[in-house]
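For the sequence shown, my numbering puts the final residue at 215, and the numbers step up evenly by one.
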Amino acid sequence: MSDVNEAQFWQDLYDTENSPWDMGHETPVFKRLAESGDFAPGKMIVLGAGSGYDAHLFARHGFDVTAVDFADTAVEKMRSLQDSENLIQIIQGDIFELPEELNGQFDYLLEYTCYCAIHPSRRDEYAQLAYRLLKPNAQWIALSFPIGRREGGPPYVVQPDRVIERMTEHGFNLLHREMPQDSTEGRQGIEELLIMVRQ
Numbered sequence: 017m018s019d020v021n022e023a024q025f026w027q028d029l030y031d032t033e034n035s036p037w038d039m040g041h042e043t044p045v046f047k048r049l050a051e052s053g054d055f056a057p058g059k060m061i062v063l064g065a066g067s068g069y070d071a072h073l074f075a076r077h078g079f080d081v082t083a084v085d086f087a088d089t090a091v092e093k094m095r096s097l098q099d100s101e102n103l104i105q106i107i108q109g110d111i112f113e114l115p116e117e118l119n120g121q122f123d124y125l126l127e128y129t130c131y132c133a134i135h136p137s138r139r140d141e142y143a144q145l146a147y148r149l150l151k152p153n154a155q156w157i158a159l160s161f162p163i164g165r166r167e168g169g170p171p172y173v174v175q176p177d178r179v180i181e182r183m184t185e186h187g188f189n190l191l192h193r194e195m196p197q198d199s200t201e202g203r204q205g206i207e208e209l210l211i212m213v214r215q
């Protein structure tokens, strides 16, 4: 098996139909947020977007969405879900190698199952990436998953308090946190919604 930092690692999982992160539908918590009217449509980036269900969800609600993934199957699925009225921009590539022209371009960064997929040694690098992609006062909207304590991965477990601490160290302030009641089946109690604002 190839390295978790390489596209081939994830493509191998898709090829063997071992992709439990892919629920086959939009994330219920994000559907609630998109429909709430509490978030003014703006430019959003989704890192490790997978099949793109959530990217397309926000596009349908008027957001200008850029979705990033480096696995062929994920990108093909995102393209297959495109419709002419709610197009998303798709970038196939490593999130840590995004072009500098994307710096400071986004009002929102949507996070779900990307943070837990990267090796924990790169989590500071991820926080730095989020900071550089977002505009001042932009929001990092994250469903932290899976909460717990165990060795190994992916997915590598997260502790929301530590996530908040790390993001704060890299220039974010906590705006909102909640244990959602509308988590998808099987994920209740092991994910927490965190919304943080870039300074």
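The beta carbon of each residue, even a glycine, is placed where N, CA and C say it ideally should be.
Since the structure is predicted, the reported quantities are computational estimates derived from the model, not experimental observations.
Scanning its chain for C-beta atoms nearer than 6 Å, with the 5 sequence neighbours on each side dropped, one finds around I180 the residues L190, in chain order. By the neighbour-count criterion, in which 16 or more other beta carbons inside 10 Å mark a residue as buried, G109 falls on the exposed side.
Excluding five sequence positions before and after N119, the CB atoms of its chain that fall closer than 8 Å to its own CB belong to R148, L149, given in chain order. Contact between V62 and P170 is ruled out by a C-beta separation of about 18 Å, above the 8 Å threshold. As a beta-bridge residue in DSSP terms, Y128 pairs with L159. Assignment of beta-bridge partners to M212 by DSSP yields W156, L190.
By the Cβ rule, the stretch 86-98 counts as touching the stretch 56-72, because three or more pairs are nearer than 8 Å. For P44, the closest C-alpha among the options Q204, M212, Q105 is that of Q204. Across the set L126, T129, F86, the C-alpha of F86 shows the shortest separation from the C-alpha of F112. Here H186 is buried. Its C-beta has 16 or more other C-beta atoms within 10 Å. The three-state reading of DSSP puts Q105 in strand, counting E and B together. Among the bridge pairs identified by DSSP, F122 is matched with L150. A Cβ-Cβ contact shorter than 9 Å links Q155 with R214. With 16 or more other Cβ atoms inside 10 Å of its own Cβ, R139 counts as buried.
In the three-state DSSP reduction, L49 falls in the helix class (H, G or I).
Assigned with DSSP and collapsed to three states, V81 falls in strand.
By the criterion of a C-beta distance shorter than 8 Å, V91 is surrounded in its chain by D85, I106, Q108, once the five residues flanking it on both sides are discounted. K47 is not a Cβ neighbour of D80, given a cutoff of 9 Å.
By the C-beta density criterion, G202 is exposed, having fewer than 16 other C-beta atoms within 10 angstroms.
Taking 9 Å as the cut-off, the Cβ atoms of E117 and A146 do not count as close. Separation of the CB atoms of F161 and V174 is rounded to 7 Å, and the pair is thereby assigned contact status at 8 Å.
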